[in-house]
Amino acid sequence: MAQQNYQSVIDEIKSRCNIVDIISPLVPLKRAGTNQKGICPFHNEKTPSFVVSDAKQIFTCFGCGASGDVIEFVKRYYNLTFPEAVERLALQCGISIPESHGELGKKKEGYYEINRQAARFYFSVFAGKKNPGLTYMIQRGIEPPVLKAFGIGYADDSWDSLTKALTGQGFDQGMLLELGLISQKNGHLYDKFRSRVIFPIINTRGKVIGFGGRMIGEGEPKYLNSQESIVFQKKYNLFGLNLTRSEIQKEGYAVLVEGYMDVIGLYQHGIRNVAASLGTALTQQQARLLKRYTEKVILCYDSDQAGIDAALRGADVLRREGLEVRILNVPQEKDPDEYIRKRGREAFLNLIHKKALPDVEYKIALLKSQYDLNDTTQSIKFLQKISDILRTLTPVEADLYIGKVSAEYRISEGALRREVQRQDRNVTSSPQTKDESRGKTDPVAAVSESTLSLERMILRLILLKSEYLEGIREYPEAIVTPPGRRLISVFQELFTEDSDLELEAVRDALEEDELAYLETILREVQVGEKDEDAYADCIAKLQEQRLEKRKKEIIDLLSLAEETGSQSQLDDLMKEYMMIQQMQKR
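All the letters of the sequence shown, read from the start, carry residue numbers 0 to 585 under numbering that gives the first Met the number 0.
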């Protein structure tokens, strides 16, 4: 909504929504003088210190310090963003919210509507005549009410059934392409998802933001997600959270799994405090989203090595967000869905309560399985690895686990404490250690092949024609490897307007590893190469990279601006985003 309309809704909420009327059904209040008093809902207390002022229309907790107006209370109590709290109160108090007049609002609503209609189309195919998708889900034991709750759909093997359905409704082809629902090749449009069970990805505001598709039958990739867009950024969303967030709050913890079917399978069997990280490594933003609903997360990933590694990385991400983390390995079966289908809800709950280990204990147990503790040398390595884990903990946690480890493995508590402190000193007093260890890896090998290929082409062109150096100077981000940067530096030192670079002079200025990189580039020089065309192609690629990078930055900024409800900032960002899109179409 436009900024003036947004503010008018806020003003009307504050004038029409009495804070006592909003809070009293949620928090039992008793009159205390001119105010109302109760047990604070934001922290554990036995003596009431939560005060609501009818006269001032504010709340204050003298125990934890929480305070604010009616919007702030609803925002905190339900773990909402500011705009979500405004919408909830407006609905509760019968205040109409004007339709958005901002460019961003109009654009995003258009995308949401396209996704909604696509979801309806996929669902109609799935729920219509018998199809491979429906057969697959029934074989997995998923019942109709759950299929409907998740809006499961099916994309048949037709090349353009969705394309025809959506363009037939008048939706813009460009927007369909941008959302990744359709693709284009040789001027022909075709459906991106074909022969796949479709999982609509829905945010916590009930908007369809993207889709996941599982291939039925032969074909790759097995799973395919919507491309990122102005309404869909994987790192900010969790699959299933729109249905399960209230249950997560009620149970006091979230079960975090890897896949769509894990969420649906657990939900089918009554485990409804569950969500999944959209097939990607868990992000800090996803951890932050979970923290809105709980302080405790149980990671229950696949039991293979990839799942174990992902759980360890995820635990570190969640811990950085201040969450309590436990890790659960599903025994025998491959994943949580398979386990609960075979053994049932009670067996899974029993696993959670008895086998989910605190992340630190899980890491130690995993280490123990990797070493022969009857061997002195391996025991020493094992305890050194444990000290690496312990030094990442808070002082209180480290103290607790030092005591536990020393008792269990019969090692002096003092010796273990000294080892942890020694490791700490090594890290803090030796800043060169990281650089030294980094130096042991090949800096070129760490770069993606496409980025490396572009860098080598640029360096090759400069060797062919030195004048290209001037144009490339505008794109310092194009040279990403240390030997590449050194070559550019040498080129700049030796370059003159009167003559091309002397290859022998370049060689004389380089170290051994830089020389090896130069020789690699020289081997790629092609006789008769059309350097003007190649140079123009390089510049075009660099410009495109900059535009794509800025688009991603804008998408992140849009999400942050939405959190604060800054409509003017949203509109400015949207204008820039649309301008970049126009530039890319030229």
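All C-beta atoms in this analysis are idealised placements derived from N, C-alpha and C, irrespective of residue type, glycine included.
Going by beta carbons, residue 215 and residue 194 fall inside the 8 Å limit. Assignment of residue 162 by DSSP, reduced to helix, strand and coil, places it in the helix class. Its chain contains 50, 52 as the residues whose beta carbon lies nearer than 6 Å to that of residue 34, once the 5 sequence neighbours on both sides are disregarded; these appear in chain order.
In chain order, 254, 339, 344, 347, 348 place their CB closer than 8 Å to the CB of residue 270, counting only its own chain and leaving out the 5 sequence neighbours on each side.
Per DSSP, the continuous beta strand (DSSP E) segment holding residue 52 begins and ends at 49 to 52. Partner residues in the beta bridge of residue 31, as assigned by DSSP, are 34. For residue 224, no alpha helix (DSSP H) encloses it; the enclosing beta strand (DSSP E) starts and ends at 222 to 224. Boundaries of the beta strand (DSSP E) around residue 254: 253 to 256. Boundaries for residue 201: no alpha helix (DSSP H) harbours it, while the beta strand (DSSP E) harbouring it runs 195 to 201, taken from the DSSP string. A check of alpha carbon separations from residue 145 across 267, 139, 13, 579 identifies 267 as the nearest. Taking one beta carbon from each stretch, the segment 309 to 327 and the segment 347 to 362 have 3 or more pairs nearer than 8 Å; the two touch. In the DSSP assignment, residue 182 falls within the beta strand (DSSP E) that extends over 181 to 184.
With 16 or more neighbouring CB atoms inside 10 Å of its own CB, residue 73 falls in the buried class. The beta carbon of residue 558 is closer than 6 Å to those of 235 in its chain, skipping five residues each way along the sequence.
Between the segment 87 to 96 and the segment 8 to 28 there are three or more inter-stretch CB-CB distances shorter than 8 Å, so the stretches are counted as touching. Nearest to residue 8 by C-alpha distance, out of 28, 81, 571, 226, is 81. Residue 190: member of the beta strand (DSSP E) spanning 187 to 190, first to last residue.
About 7 Å separates the beta carbons of residue 224 and residue 277, which is inside the 8 Å limit, making them a contact pair.
Nearest to residue 206 by alpha-carbon distance, out of 555, 150, 182, 220, is 150.
Cα atoms of residue 454 and residue 530: separation of roughly 15 Å, rounded to the nearest angstrom. With contacts defined by Cβ atoms closer than 8 Å, residue 296 and residue 275 do not form a contacting pair. Judged by beta-carbon spacing, residue 351 lies beyond the 8 Å limit of residue 382, meaning their Cβ atoms are not closer than that value.
Around the Cβ of residue 107, a 10 Å sphere holds 16 or more other Cβ atoms; the residue is buried. Cβ-Cβ distances below 6 Å link residue 232 to 554 in the same chain, with the five nearest sequence neighbours on each side left out; the list follows chain order.
Under the DSSP definition of a beta bridge, residue 58 partners with 51, 67. If you keep only unbroken beta strand (DSSP E) runs of at least 3 residues inside the segment 300 to 363, you get 323 to 326. Per DSSP, the unbroken alpha helix (DSSP H) holding residue 290 starts and ends at 283 to 290. Per DSSP, reduced to three states, the secondary structure at residue 213 is strand.
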